[in-house]
Amino acid sequence: MTDFQHGSMDPAFARDAAAIAGNLGDAVGRFAGKTVLLTGAAGFLGSQFVHFFAWLNDSGQLASPCRLIAIDNYLRGIPAWLRAMSDRDDIESHATDIVATKTFPVADFVIHAASVASPTFYRKYPLETMDANVIGLRNLLDHAVALRPESFLFFSSSEIYGDPDPAHIPTPEDYRGFVSCTGPRACYDESKRYGETLCVTFHQVHGTPVKVARPFNNYGPGLSIDDRRVLPDFFRDVLAGRDIALLSDGRATRTFCYISDAITGYLLVLLSTHDGEAFNIGTEAPEISMEDLARAVIRVAGRDLRVTKTVSDDPLYLRDNPQRRCPDLTKTRRLLGYEPRVGLEEGLARMYEYYRPNSGESGGRSSGV
Ligand SMILES: NC(=O)c1ccc[n+]([C@@H]2O[C@H](COP(=O)([O-])OP(=O)(O)OC[C@H]3O[C@@H](n4cnc5c(N)ncnc54)[C@H](O)[C@@H]3O)[C@@H](O)[C@H]2O)c1
Numbered sequence: 025m026t027d028f029q030h031g032s033m034d035p036a037f038a039r040d041a042a043a044i045a046g047n048l049g050d051a052v053g054r055f056a057g058k059t060v061l062l063t064g065a066a067g068f069l070g071s072q073f074v075h076f077f078a079w080l081n082d083s084g085q086l087a088s089p090c091r092l093i094a095i096d097n098y099l100r101g102i103p104a105w106l107r108a109m110s111d112r113d114d115i116e117s118h119a120t121d122i123v124a125t126k127t128f129p130v131a132d133f134v135i136h137a138a139s140v141a142s143p144t145f146y147r148k149y150p151l152e153t154m155d156a157n158v159i160g161l162r163n164l165l166d167h168a169v170a171l172r173p174e175s176f177l178f179f180s181s182s183e184i185y186g187d188p189d190p191a192h193i194p195t196p197e198d199y200r201g202f203v204s205c206t207g208p209r210a211c212y213d214e215s216k217r218y219g220e221t222l223c224v225t226f227h228q229v230h231g232t233p234v235k236v237a238r239p240f241n242n243y244g245p246g247l248s249i250d251d252r253r254v255l256p257d258f259f260r261d262v263l264a265g266r267d268i269a270l271l272s273d274g275r276a277t278r279t280f281c282y283i284s285d286a287i288t289g290y291l292l293v294l295l296s297t298h299d300g301e302a303f304n305i306g307t308e309a310p311e312i313s314m315e316d317l318a319r320a321v322i323r324v325a326g327r328d329l330r331v332t333k334t335v336s337d338d339p340l341y342l343r344d345n346p347q348r349r350c351p352d353l354t355k356t357r358r359l360l361g362y363e364p365r366v367g368l369e370e371g372l373a374r375m376y377e378y379y380r381p382n383s384g385e386s387g388g389r390s391s392g393v
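If you're matching positions, the sequence shown starts at 25 in this note's numbering and goes up one per residue.
Written out as structure tokens, the structure reads:
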């Protein structure tokens, strides 16, 4: 046992890691003695993966510990939780831009989660977003051809479906999408679509054992309150004692998947044999409007606040914003045995508890989803 285990892991991460390991059961043994290369380690999903592998090694469940190589360009700095792990010898952290390098460490498993994921930021950094999903992915896939990992996971997005017509909600993996290739969200949507094409083609041409996950709105501890995605924005308002100001009519709907369920799903995809295939990972209920979501956040926080509606200064803010987003999980359930477990109210309560001690009172509003 390390000092880290005895106190410095945030209990929210420890609880989620234990849940993920419990959900995976004996399958976690596949990581024993293996090396995992993780890109985007400083991000939301990255933070959960790093804590999960640290917790797994500390738990003594593996016959021999796994080794995690965590890489990120650390554009937003090295997070404090990662600095706190610097004395661990099972976790290595590298400051690497995946677009600028073609040389990566050898690994048994590759988890490629580096990208810009928040709509506010991918619209601000469209070229960097495309480069990570196209050039960075290509660099990692070329590396995989040379070094033949056991499995490779690419993070795509539910955004590859664009704004599906109601006949395709819930949306199955074989829906081809309704997407603009030139609109304000295109840098993200289209680079994820091309990224998926790259993955499938590498599988066909080189036999690369690559799988694709399509996340549908994850939330939970690790999602920075400054990230400008919808839930951190709502919590930031509530923690500052402000009414929640929606920058829309509040009618667009989403489903929100708690992070321990989502990470379970991603690891099931990674550990599967379904090379060259894509899987929806999320939850299908409740499909909730942004207005009802804002009310749920206020309720969970027990605050006496209102939901108001205003208009963004940005005329393109709502252009191509999907009206509804909800996954069809039939394939993921059938082939991987995936089952989300944490309900929305419970997940929101956990997120509130996570943000409370870390909350700043400063503001700014957006509701990128
Ligand atoms: N979180 C969700 O709900 C969600 C939904 C759909 C898709 N995804 C996808 O899942 C992946 C992870 O999402 P997230 O929420 O953790 O995103 P995030 O923005 O929190 O983290 C992404 C990380 O990637 C790093 N990064 C970006 N470009 C890089 C580069 N060129 N080289 C090295 N590092 C780079 C960033 O510094 C950041 O730390 C992304 O591919 C995202 O598109 C996430």
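Glycine included, C-beta positions come from ideal geometry on N, C-alpha and C.
Source: prediction; values computed, not measured.
Pick from the options: whose alpha carbon is nearest that of residue i?
i       : options                               : result
Gly-84  : Tyr-362, Ala-42 and Leu-360           : Ala-42
Glu-377 : Arg-357, Asp-337, Lys-333 and Ala-325 : Ala-325
Thr-195 : Thr-356, Val-321 and Leu-342          : Thr-356
Ile-312 : Ala-87, Leu-294 and Arg-349           : Arg-349
Pro-364 : Pro-188, Pro-129 and Gly-289          : Gly-289
Ala-51  : Ala-38, Leu-86 and Leu-61             : Leu-86
Ser-32  : Ser-272, Met-109, Ala-45 and Gln-228  : Met-109
Gly-49  : Ala-36, Leu-69, Leu-80 and His-167    : Leu-80
Asp-257 : Met-314, Leu-291 and Thr-297          : Met-314
Any heavy atom of ligand 1 inside 7 Å of the beta-carbon of residue i?
i       : result
Tyr-185 : no
Ser-296 : no
Ala-302 : no
Tyr-218 : no
Ile-287 : no
Glu-152 : yes
Tyr-98  : yes
Pro-129 : no
Gly-70  : yes
Ile-122 : yes
Leu-215 : In the sequence on display, residue 215 carries Ser and not Leu. No, the beta carbon of Ser-215 sits no closer than 7 Å to any heavy atom of ligand 1.
Thr-195 : no
Asn-241 : yes
Thr-63  : yes
Gly-201 : no
Val-234 : no
Gly-160 : yes
Ser-117 : no
Phe-179 : yes
Val-140 : yes
Gly-67  : yes
Ser-182 : yes
Ala-156 : yes
Work out the CA separation of residue j and residue i for me, nearest whole Å.
i       : j       : result
Ser-71  : Leu-353 : 25 Å
Phe-303 : Tyr-243 : 18 Å
Phe-133 : Arg-278 : 31 Å
His-118 : Arg-112 : 14 Å
Asn-157 : Ala-65  : 15 Å
Gly-387 : Ala-264 : Any answer about Gly-387 is weak, because its pLDDT of 37 lies below 50 and its placement is not dependable; what the coordinates show is given next. Cα to Cα, Gly-387 sits roughly 8 Å from Ala-264.
Asp-96  : Ala-104 : 14 Å
Leu-99  : Arg-162 : 21 Å
Ser-339 : Lys-333 : The question names Ser, but residue 339 in the sequence shown is Pro. Straight-line Cα distance between these residues: approximately 16 Å.
Leu-360 : Val-293 : 7 Å
Ala-131 : Ile-322 : 44 Å
Leu-222 : Met-375 : 35 Å
Asp-187 : Ala-276 : 11 Å
Pro-233 : Gly-300 : 7 Å
Leu-270 : Phe-226 : 42 Å
His-230 : Leu-171 : 12 Å
Ser-336 : Asp-189 : 25 Å
Asp-273 : Pro-346 : 13 Å
Phe-178 : Asp-328 : 42 Å
Phe-259 : Asp-251 : 11 Å
Ile-268 : Ala-373 : 17 Å
Phe-68  : Ala-191 : 32 Å
Arg-20  : Tyr-199 : The structure shown does not extend to residue 20, since the chain is modelled only from 25 through 393, so no value can be given for it.
Val-262 : Leu-317 : 13 Å
Arg-319 : Arg-253 : 16 Å
Considering only residues of the same chain and omitting the five flanking positions on each side of residue i, which have a CB-CB separation below 7 Å?
i       : result
Tyr-146 : Val-140, Thr-153, Cys-211 and Tyr-212
Pro-129 : Leu-61 and Ile-93
Beta-carbon within less than 8 Å of residue i's beta-carbon, same chain only, minus the 5 sequence neighbours each way: which residues are those?
i       : result
Ile-184 : Gly-201, Val-203, Asp-213, Lys-216, Arg-217, Glu-220 and Arg-238
Asp-40  : Gln-72, His-75, Phe-76, Gly-244, Pro-245, Ile-283, Ser-284 and Ile-287
Pro-35  : none
Please return the same chain residues whose Cβ sits closer than 6 Å to the Cβ of residue i, not counting the five positions on each side in sequence.
i       : result
Arg-91  : Thr-59 and Asp-114
Asp-344 : Ser-204, Gly-207 and Arg-209
Asn-241 : Arg-278 and Phe-280
Lys-126 : Asn-163
Asp-121 : Asn-97
Ser-248 : none
Ser-88  : Ala-56 and Gly-57
Would the C-beta of residue i count as close to ligand 2, meaning under 7 Å from any of its heavy atoms?
i       : result
Asn-163 : Ligand 2 is absent from the structure shown, which contains only ligand 1.
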